[in-house]
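Engineer: Counting from 16, one number per residue, gives the positions in the sequence shown under the working numbering.
Just so it is clear, CB atoms sit at the ideal spot from N, CA and C, and this is done for glycine as well.
Computed from a prediction, not measured in an experiment: that's the story for all the values here.
Take this structure, written in structure tokens, and hold onto it; I'll ask about it next.
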Amino acid sequence: MNAAAIALVAALAVPAAPAVVQQSQTPQPSPTTPAYIERVAPAVVGIDTKIPLDRPSVLTLGPARSGSGVIFDSDGHVVTVGYILTDATLIQVRLRDGRVVPARFVGQDYESGIGVIKLEGVGPWPHAPLGNSSTVSAGDAAAIVGVTGENEVAATQGSIQDIRRFTGYWEYLLERAFIVTPPNPSFGGSPLVNTQGEIIGVTSLRLGDPPNVNLAIPIEYFLAAKDELYKEGRVTSRPPRPWLGLYTVETPQGLVIAGAAPSGPAIGAGFERGDVIVRLNAEKVESQEDFYRKLWKTRIGEEVNIVVLRDAKFQVIGVRTIDRQSLLRKPGN
Numbered sequence: 016m017n018a019a020a021i022a023l024v025a026a027l028a029v030p031a032a033p034a035v036v037q038q039s040q041t042p043q044p045s046p047t048t049p050a051y052i053e054r055v056a057p058a059v060v061g062i063d064t065k066i067p068l069d070r071p072s073v074l075t076l077g078p079a080r081s082g083s084g085v086i087f088d089s090d091g092h093v094v095t096v097g098y099i100l101t102d103a104t105l106i107q108v109r110l111r112d113g114r115v116v117p118a119r120f121v122g123q124d125y126e127s128g129i130g131v132i133k134l135e136g137v138g139p140w141p142h143a144p145l146g147n148s149s150t151v152s153a154g155d156a157a158a159i160v161g162v163t164g165e166n167e168v169a170a171t172q173g174s175i176q177d178i179r180r181f182t183g184y185w186e187y188l189l190e191r192a193f194i195v196t197p198p199n200p201s202f203g204g205s206p207l208v209n210t211q212g213e214i215i216g217v218t219s220l221r222l223g224d225p226p227n228v229n230l231a232i233p234i235e236y237f238l239a240a241k242d243e244l245y246k247e248g249r250v251t252s253r254p255p256r257p258w259l260g261l262y263t264v265e266t267p268q269g270l271v272i273a274g275a276a277p278s279g280p281a282i283g284a285g286f287e288r289g290d291v292i293v294r295l296n297a298e299k300v301e302s303q304e305d306f307y308r309k310l311w312k313t314r315i316g317e318e319v320n321i322v323v324l325r326d327a328k329f330q331v332i333g334v335r336t337i338d339r340q341s342l343l344r345k346p347g348n
């Protein structure tokens with residue numbers, strides 16, 4: 016493994032999820048705020064959550080999380096990024112008029128990364144309309160509108176730099192993701208809006224080296240799952256993806272194991288950092304995406320055999336997959 020690959024594995028060696036406390040600085044305000052941002056801004060909220068110390072996600076995401084979200088209907092439903100909500104038992108929402116109101120967890124789609132909560136109370140609640148993200152093209156103008164730790168609106172005007180498939184090291188894949196520039200420091204859960212003031216995405220991650228870009232989940236993922244999230248708290252119309260909890264990174268030498276989720280089945284299976292994944296159930300693994308697709312074709316609870324290359328020798332490691340959501344706190348518990 017070359018020096019660059021070793022450094023990258025080392026950077027991922029301590030299990031960590033995408034940054035959760037995002038309010039580090041506020042973009043400089045424009046001389047004039049566009050009307051479409053003014054339309055959305057009253058509905059943008061700050062979200063603060065508390066998570067019991069005995070919950071699995073505390074080890075990677077921490078017991079206190081903050082981010083943004085946006086109210087999208089008169090009933091007070093808020094769409095945000097799911098990792099702020101995972102295992103949360105206390106959810107507080109900061110409104111633009113200075114009020115802080117409690118909210119209850121409604122649902123979370125672990126495959127897309129989107130979550131939804133509902134404000135407690137009767138309102139009235141300012142809200143922004145949901146748009147049609149399926150018609151968005153690279154180059155389209157857009158803005159990310161978030162909330163800082165000081166409860167100020169942080170808006171960045173920019174564009175959709177690219178639309179592409181995205182894979183994350185924590186067994187995550189989006190078939191269609193928006194790459195947005197310039198980045199917004201209050202990215203986690205901030206709405207991505209078009210020039211009509213419609214919500215077209217949920218900003219999730221900060222990617223790359225400075226000046227960075229943001230990744231946003233198209234709102235089409237939420238629209239497809241909304242009714243199930245309201246009713247079941249999760250998406251039940253598709254089978255859950257088998258999960259190992261492996262962290263991997265692509266290198267010139269192949270797909271390298273960089274760590275494992277503390278609560279996942281892979282943590283005690285015998286994998287070591289630096290192992291190169293060669294095969295899954297006798298099928299050659301070509302890339303991170305290929306590994307995920309082969310893994311997700313298996314059944315939950317089934318033992319998968321993963322061949323790894325370690326110290327110039329092949330080793331076979333068997334591990335049983337699980338439904339990741341079985342580890343997480345259920346609504347109301």
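1) By Cβ distance below 6 Å, which residues in the same chain neighbour Pro71 in space, the five residues on each side in sequence not counted?
2) How long is the line joining the alpha carbons of Phe329 and Pro57, rounded to whole angstroms?
3) So, at 6 Å on beta carbons, what are the nonlocal neighbours of Gln40 in its own chain, with the 5 sequence-adjacent residues on each side left out?
4) Taking the Cβ atom as the reference point for each residue, do Ile321 and Asp338 lie within a distance shorter than 8 Å?
5) Between Gly154 and the rest of its own chain, which residues show a CB-CB distance below 7 Å, the 5 nearest in sequence each way excluded?
6) Using a Cβ-Cβ cut-off of 6 Å (strictly less than) and excluding sequence neighbours within five positions of Val331, which residues of its own chain qualify?
7) I want to know whether the stretch 284-302 touches the stretch 156-163 - three or more CB-CB distances under 8 Å.
8) May I ask which residues mark the beginning and end of the alpha helix (DSSP H) holding Arg308?
9) Considering Cα atoms alone, identify which of Thr75, Glu135, Gln211 and Lys246 is closest to Asp90.
10) If you follow the alpha helix (DSSP H) that Ala50 is in, where does it begin and where does it stop?
11) Going by the CB atoms, is the gap between Val85 and Leu244 shorter than 8 Å?
12) Quick check on Leu105: does DSSP put it in helix, strand or coil?
13) Do Ile62 and Thr95 count as a contact pair if the criterion is CB distance below 8 Å?
14) Going by DSSP, what residue range makes up the alpha helix (DSSP H) through Ile234?
15) For Thr192, I'd like the list of residues in its chain whose CB is within less than 6 Å of its CB, leaving aside the five on either flank, ordered along the chain.
16) State the DSSP-derived secondary structure class of Leu207, mapped to helix, strand or coil.
17) Hey, how far is the Cα of Pro197 from the Cα of Val228?
18) With distance defined between alpha-carbon atoms, name the residue in Arg288, Glu318 and Gly289 nearest to Ala297.
19) When you compare only the Cα positions, how much space is there between Ala239 and Glu53?
20) So, with DSSP's three-state summary, where would you put Thr336?
21) One question on the structure: do Trp258 and Thr336 come within less than 8 Å of each other, judged by their Cβ atoms?
22) Quick one: what's got a C-beta closer than 6 Å to Pro33's C-beta in the same chain, skipping five residues either side?
23) Considering just the uninterrupted stretch of the beta strand (DSSP E) at Val264, what are its terminal residues?
24) Which one of Ile215, Asp88, Gly260 and Glu186 has the shortest CA to CA distance from Glu126?
25) Pick helix, strand or coil for Ala327, following the three-state DSSP scheme.
26) With distances taken Cα to Cα, identify the nearest neighbour of Leu74 among Tyr98, Lys241 and Asp177.
27) Cα separation between Val115 and Val60?
28) For Ile272 and Gly289, which I take to be in contact (beta-carbon distance under 8 Å), what is that distance rounded to the nearest angstrom?
29) Identify whether Val73 lies in helix, strand or coil by the three-state DSSP scheme.
30) Among residues of its own chain, excluding the 5 on either side of Gln303, which ones have a beta-carbon nearer than 6 Å to its beta-carbon?
31) Which runs of the beta strand (DSSP E) fall wholly inside the stretch 105-148 and span at least 3 residues, in chain order?
32) Name the one or two DSSP bridge partners that Thr95 has.
33) How many Å lie between Arg294 and His92 at the Cα?
Structural biologist: Based on what the coordinates show:
1) Ser278 and Leu342
2) 58 Å
3) For Gln40, the predicted structure reports a pLDDT of 43, less than 50, and the residue's modelled location is therefore unreliable. The matter cannot be settled from this model.
4) no
5) Ser174 and Ile175
6) Asn320 and Val322
7) no
8) Gln303 to Leu310
9) Glu135
10) Ala50 to Val55
11) no
12) strand
13) yes
14) Ile234 to Glu247
15) It should be pointed out that residue 192 corresponds to Ala in this sequence rather than to Thr. These residues qualify, in order along the chain: Phe181 and Leu230.
16) strand
17) 6 Å
18) Glu318
19) 27 Å
20) coil
21) yes
22) The predicted position of Pro33 is uncertain, since its pLDDT is 43 and thus under 50; no value can be drawn from it.
23) Leu261 to Thr266
24) Glu186
25) coil
26) Tyr98
27) 10 Å
28) 7 Å
29) helix
30) Thr182, Thr263, Glu265 and Leu270
31) 105-109, 115-124 and 129-134
32) Gly84 and Gly130
33) 44 Å
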